[in-house]
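Counted the way my numbering counts, the sequence shown spans residues 22 to 133.
All C-beta atoms in this analysis are idealised placements derived from N, C-alpha and C, irrespective of residue type, glycine included.
As the structure is a computational prediction, the values presented were derived from the model and not from experiment.
See below for the structure under consideration.
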Amino acid sequence: MVHRCTLLIQVEGAQEDDYGRPIPGTIEHMNIPCRVDQVRERVASDDTGNDFILSNVLFLGPGHEVALDTKIVNIEDLEGNPVLSGSFSVKNRNPVYGRRRLHHLEITLQKE
Numbered sequence: 022m023v024h025r026c027t028l029l030i031q032v033e034g035a036q037e038d039d040y041g042r043p044i045p046g047t048i049e050h051m052n053i054p055c056r057v058d059q060v061r062e063r064v065a066s067d068d069t070g071n072d073f074i075l076s077n078v079l080f081l082g083p084g085h086e087v088a089l090d091t092k093i094v095n096i097e098d099l100e101g102n103p104v105l106s107g108s109f110s111v112k113n114r115n116p117v118y119g120r121r122r123l124h125h126l127e128i129t130l131q132k133e
């Protein structure tokens with residue numbers, strides 16, 4: 022994989038307050054191998070021409086669990102140059118299977 026990213030995973034009950042209620046927290050997984058690509062989602066036509074609506078897709082290996090409330094930040098190439106800046110949420114999550122097991126995850130990103 023040619024890029025690296027940071028996953029911010031929301032967890033419930035990592036700590037408790039003074040009354041014993043769970044406090045939601047965030048676990049940060051840094052330097053996760055990934056790849057970002059832009060794909061054409063649809064074409065919008067009007068009087069002035071065609072507009073291509075693009076979406077960013079993040080490809081992750083099979084060893085990473087990504088829930089719908091996970092945030093993705095700091096998407097960089099191997100030299101540390103930013104590829105996509107900002108914070109992204111998971112719009113859609115699509116597991117892709119090989120013949121016998123999970124091959125990779127395709128995650129459609131939504132800018133926050």
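For V23, the closest of E100, K92, I128 by C-alpha to C-alpha distance is E100. When secondary structure is reduced to three states using DSSP, G84 falls in the coil class, being assigned neither helix nor strand.
Judged by beta-carbon spacing, H125 lies within the 8 Å limit of G82, meaning their Cβ atoms are closer than that value. Shown here for D72: same chain residues with a beta carbon closer than 8 Å to its own, the five before and five after excluded, namely V64, A65, S66 in chain order. The stretch 77-97 and the stretch 51-61 touch, with three or more beta-carbon pairs separated by less than 8 Å. Counting other Cβ atoms within 10 Å of its Cβ, V111 reaches 16 or more and is therefore classed as buried. Secondary structure note for V104: its beta strand (DSSP E) is the uninterrupted segment 103-118. In terms of CA proximity to I48, E33 leads the group L75, E33, L105. Our two residues, R42 and H85, have alpha carbons roughly 28 Å apart in a direct line.
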